[in-house]
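First up is the structure itself, then whatever we jot down about it.
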Amino acid sequence: MPDAAYGVRMRVLVSGGAGFIGSHTVIQLIAAGHDVLIVDNFANAKPTVIGRLESIIGGHLQVHAFDLRDADQTERLFAHERIDAVIHFAGHKAVGQSIKQPLAYYENNLGSTFVLVAAMARHGVSKLVFSSSATVYGANATVPMKEDFPTSATNPYGWTKVMIEQILCDVAVAQPSWRIALMRYFNPVGAHASGTIGEDPSGVPNNLLPYICQVAVGRLEKLRIFGDDYDTPDGTPLRDYIHVEDLAAGHVAALARLTSTDRAVSTWNLGTGTGTSVFNMLHAFERAVGRELPYEVVGRRTGDIAASYADPGRANAELGWTATRTIDDMCVDAWRWQSQNPNGYPDA
Ligand code: UDP
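For the sequence shown, the residue numbers in my numbering are 15 to 362.
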């Protein structure tokens, strides 16, 4: 039965639904009574995630394996399926790679959005939840970060988020009946409580938690801490780590809100409002694993800022949503996933 708290039951197209945040959101959409269709090109996700998702939901998932930049396939999907709303997660997300391959990043992230939004417009689908990032607050924002701060970026990945937000705002000016949510994530971590789905980065992880997970499981030798000379309590940078299950719940709440709001564009931070240092994260993970983990302090990483955490007040008030899971919950769940799947998802 649909949970009344989530309001209208919808048929939701989830782009990037096989990815880390997408897959967790699919489960919660279904739990809330929505129907889900996934579109994913599996460029950065293993097809085996789908079977895991089907085990969790106890049913079949409709999956369309193609690239949204393929305008013909995207048009056919919208022509043949009833779709009430779209949650758009699909996109490249590695900051370092985006600096090395800027054209590929702009081409992929903007190109897929153009095709998707044009197809939505042709078929009268006007509810869109977009996967943005706190990276749009740029390098000089104060903390806690609020939605009305100016946006900027420090790398091509970040600029794709700034640009897509702008493009969607322009679409809403031209077509005021649209209802668009720009979801600005802080640092999503953790995994589903079953331990069967989680984050599975390709290659050496760039982000802190996946890196610690691979040290803990023996795939990497030691954590390298990028600088302990920041102006923070223990010298390491502060980030707003948020459990992916809380993040997924924020999307379900945002989708419901789009059916009742008069605003064409709504911007919501998804964070806890608390900054946690690299050392505190490492120690929380050590508690989850039950032993100390090797690390070394090295030089700062280019582009890192000292502190990034949300003011989640607007999402709390307007979505009736609050992140509830603790740092220890995040580490326990991430470790359950990683220890049960030391090499991530199987190939087949
Ligand atoms: N970090 C680190 N070692 C790593 C990866 C990350 O010390 O191998 C630090 C990084 O400098 C930052 C924090 O962990 O202070 C979070 O980094 P992440 O890349 O996960 O998120 P972001 O900096 O993009 O918010």
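Yeah, the Cβ is synthetic: ideal placement off N, Cα and C, and Gly gets one too.
Quick caveat: nothing in here was measured; it's all calculated off a predicted structure.
Query, Result
"Length of the line joining the Cα atoms of P224 and V77", "27 Å"
"Pairwise C-alpha distance: L196 and Y151", "13 Å"
"Residue burial classification, E179 (beta-carbon count within 10 angstroms, cutoff 16)", "buried"
"Coil, strand or helix - K141 by DSSP", "strand"
"Completely contained beta strand (DSSP E) runs for the region 205 to 284, where each covers 3 or more residues", "237 to 240, 255 to 257, 279 to 284"
"Meets three-Cβ-pair contact criterion under 8 Å: the region 79 to 90 and the region 245 to 252", "no"
"Of the listed residues I35, S29, V26, G30, nearest to V258 (C-alpha basis)", "I35"
"Residues that DSSP places opposite A99 in a beta bridge", "V26"
"Spatially closest choice to K107 from A99, N122, H94, by CA coordinates", "N122"
"Proximity below 9 Å, CB of I239 to CB of L307", "no"
"L43 (DSSP reduced to helix, strand or coil)", "helix"
"Sufficient close CB pairs (3 or more, under 8 Å) joining the region 334 to 342 to the region 209 to 217", "no"
"Residues of its chain near D361, where Cβ-Cβ distance is below 8 Å and the 5 sequence neighbours each way are ignored", "K60, T62"
"Under the three-state DSSP convention, the category P356 falls into", "coil"
"Own chain residues within Cβ distance below 6 Å of D342, not counting five before or after", "A298"
"From A320, W173, P202, L182, residue whose alpha carbon lies closest to that of A263", "P202"
"Element boundaries [beta strand (DSSP E), containing H78]", "76 to 78"
"Y323 CB to nearest heavy atom of ligand 1 below 8 Å", "no"
"CA-to-CA distance, K236 to E310, given in whole angstroms", "7 Å"
"Any non-hydrogen atom of ligand 1 closer than 8 Å to G289 Cβ", "no"
"T250: CB within 8 Å of a non-hydrogen atom of ligand 1", "yes"
"From L124, P170, D86, S126, residue whose alpha carbon lies closest to that of Q115", "P170"
"For I70, the residue or residues it bridges with in DSSP", "Note: I70 sits in no beta bridge, so no partner."
"A267 classed as buried or exposed, judged by whether at least 16 other C-beta atoms fall within 10 angstroms", "buried"
"Heavy atom of ligand 1 within 8 Å of V292 beta-carbon", "yes"
"Contact set for G232: own chain, Cβ-Cβ below 8 Å, skip 5 residues either direction", "P356"
"With 16 other Cβ atoms within 10 Å as the buried cut-off, status of N154", "exposed"
"CA nearest to the CA of A32, picked from V26, D98, V40", "V40"
"Span of the beta strand (DSSP E) around A329", "Premise fails: A329 lies in the alpha helix (DSSP H), 327 to 333, not in any beta strand (DSSP E)."
"Boundaries of the alpha helix (DSSP H) in which M134 is found, first to last residue", "116 to 136"
"CB of W192 within 9 Å of CB of V279, strictly", "yes"
"Contact test: L223 Cβ vs ligand 1 heavy atom, cutoff 8 Å", "yes"
"Between the CA atoms of L27 and I194 - distance to the nearest angstrom", "14 Å"
"Residue closest to S112, alpha-carbon to alpha-carbon, out of L261, A329, S29, K175", "K175"
"Any non-hydrogen atom of ligand 1 closer than 8 Å to N154 Cβ", "no"
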